[in-house]
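The working numbering numbers the first residue of the sequence shown as 46 and each following residue consecutively.
Only one structure is covered here, and it is reproduced in the block below.
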Amino acid sequence: MGKYAIAIHGGAGTISKSSLTPEKEKAFKDALEQAIMAGHGVLQQGGSALDAAEMAVMQLENSPLFNAGKGSVFTNDGKHEMDAAIMCGKTLEAGAVAGVRHIKNPIKLARKVKEESEYVLLAGQGAVEFALSQHIELASAEYFFDDYRYQQLLDARESGEVSLDHSEKKKQKFGTVGAVALDVNGNVAAATSTGGMTNKKYSRVGDTPLIGAGTYANNKTCAVSCTGHGEFFIRAVAAYDVSCLMEYKGYTLQQACDEVVLTKLQDIGGDGGLIAVNTDGEVVLSFNSDGMYRASKVNDEETFTAIYKEH
Ligand code: ASP
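Written out as structure tokens, the structure is:
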């Protein structure tokens with residue numbers, strides 16, 4: 046049986062030990078653990094990297110702790126508009142949705158776009174119509190409502206800021222979720238899902254659903270899922286750049302991730318991080334912010350879970 050591996054993130058940002066109570070820290074770690082075990086279970090049974098990545102992201106979407114699915118942040122007009130993407134490294138097929146409302150698990154819809162449509166990216170109401178045709182589960186506004194998130198919106202509106210998840214007075218946290226996986230057949234896949242930015246306007250779309258920016262997978266190199274200030278990740282074409290540095294410059298996975306996160310993004314002010322796995326089962330969890338909710342598991346080795354820079 047070939048090697049298999051999975052890594053997940055639940056967002057990056059100014060996450061310090063003092064900003065989380067021990068209870069909250071435990072809740073985050075438990076949620077990460079649950080998601081990684083769900084994805085790992087798929088791989089362990091010989092399932093595909095795509096299925097594993099989708100499964101892990103779905104678990105994180107169902108948690109109120111992260112800015113995706115149930116825990117999505119509010120837009121300026123008090124709604125939830127979610128973005129998601131999934132990509133298969135073997136076929137380079139991809140599916141994505143942008144600005145979708147009332148979808149319980151946007152990652153499932155992205156997978157349907159990949160498999161049941163002739164398109165790669167569907168947006169807004171059209172994407173929801175496609176969801177209906179695919180019998181994708183919808184959820185009411187109450188399902189997505191969260192007092193804490195609503196307070197974030199009120200604060201952001203008051204200050205006139207478009208803030209990233211849980212940003213506490215300019216301190217930024219990005220709660221997007223993502224997963225990358227390698228299966229026993231040597232295929233990699235990436236999946237990412239987000240509610241975007243608190244107080245966002247004008248149907249703003251971030252890097253998450255843009256193939257090559259927030260999400261990318263290619264069996265020649267690696268699978269990548271990003272989290273951070275989307276506008277910078279779009280301009281850096283961050284996920285694809287990691288793959289390109291490996292393919293064209295012969296960088297190792299670690300070198301490619303460091304170059305993109307610690308140099309290229311850092312130089313333009315792009316806070317955040319990414320997770321990546323290559324076809325040898327190497328995992329890199331790289332970020333230029335104070336912390337990143339993250340976890341990984343290779344074969345049946347011990348699960349790694351961490352939040353802060355020093356863990
Ligand atoms: N990258 C996401 C966006 O800009 C935000 C995040 O990572 O939390 O929409």
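Ideal Cβ positions, reconstructed from N, Cα and C, are used throughout, including at glycine.
With DSSP collapsed to three states, give me the class of residue i.
i           : result
residue 212 : Residue placement at residue 212 is poorly supported in this model, since its pLDDT is 45, which falls under 50; the coordinates still yield a value, given next. DSSP places residue 212 in coil when its eight states are reduced to three.
residue 285 : helix
residue 293 : helix
residue 242 : coil
residue 348 : coil
residue 342 : strand
residue 111 : coil
residue 141 : strand
residue 128 : strand
residue 59  : coil
residue 255 : coil
residue 311 : helix
residue 136 : coil
residue 306 : helix
Mind checking which residues open and close the beta strand (DSSP E) that includes residue i?
i           : result
residue 199 : Element bounds for residue 199: not the beta strand (DSSP E) but the alpha helix (DSSP H), 192-204.
residue 332 : 328-332
residue 178 : Not the beta strand (DSSP E): residue 178 falls in the alpha helix (DSSP H), residues 169-178.
residue 262 : 260-262
residue 270 : 267-273
residue 322 : 317-323
By the DSSP assignment, the alpha helix (DSSP H) with residue i in it spans what residues?
i           : result
residue 156 : 151-161
residue 81  : 67-89
residue 188 : 186-189
residue 303 : 298-303
residue 122 : Segment: none, residue 122 is in no alpha helix (DSSP H) and carries neither H nor E.
residue 102 : 94-106
Opposite residue i in the DSSP bridges: which residues?
i           : result
residue 227 : 50, 233
residue 336 : 58, 353
residue 183 : 148
residue 222 : 238
residue 166 : 141
Meets three-Cβ-pair contact criterion under 8 angstroms: the region 333-352 and the region 281-294: The region 333-352 is not in contact with the region 281-294.
Pairs of beta-carbons, one from the region 294-304 and one from the region 191-207, closer than 8 angstroms: are there three or more? Taking a cut-off of 8 angstroms on C-beta distances, the region 294-304 does not touch the region 191-207, as fewer than three cross pairs fall below it.
Would you check if there are 3 or more beta carbon pairs closer than 8 angstroms linking the region 125-137 to the region 258-277? Yes: the two stretches touch, three or more of their Cβ pairs being nearer than 8 angstroms.
Count the CB pairs spanning the region 89-108 and the region 173-181 that are closer than 8 angstroms, and state whether there are at least three. Contact between the region 89-108 and the region 173-181 is absent: fewer than three C-beta pairs spanning the two stretches fall below 8 angstroms.
Determine, using beta-carbon pairs with one atom in the region 53-71 and one in the region 117-124, whether at least three such pairs fall under 8 angstroms. The region 53-71 vs the region 117-124: no contact.
How do the region 267-281 and the region 145-159 stand: do at least 3 beta-carbon pairs fall below 8 angstroms, yes or no? In this structure the region 267-281 does not touch the region 145-159; the number of beta carbon pairs closer than 8 angstroms is below three.
Inspect the CB distances between the region 339-352 and the region 67-75 and report whether three or more fall short of 8 angstroms. Judged by Cβ distances under 8 angstroms, the region 339-352 makes contact with the region 67-75, as three or more pairs qualify.
Count Cβ pairs between the region 82-100 and the region 167-176 that sit closer than 8 angstroms; are there 3 or more? Segments in contact, no.
Contact between the region 316-323 and the region 223-234: three or more CB pairs below 8 angstroms? The count of Cβ pairs closer than 8 angstroms, one atom from the region 316-323 and one from the region 223-234, reaches three, so the stretches are in contact.
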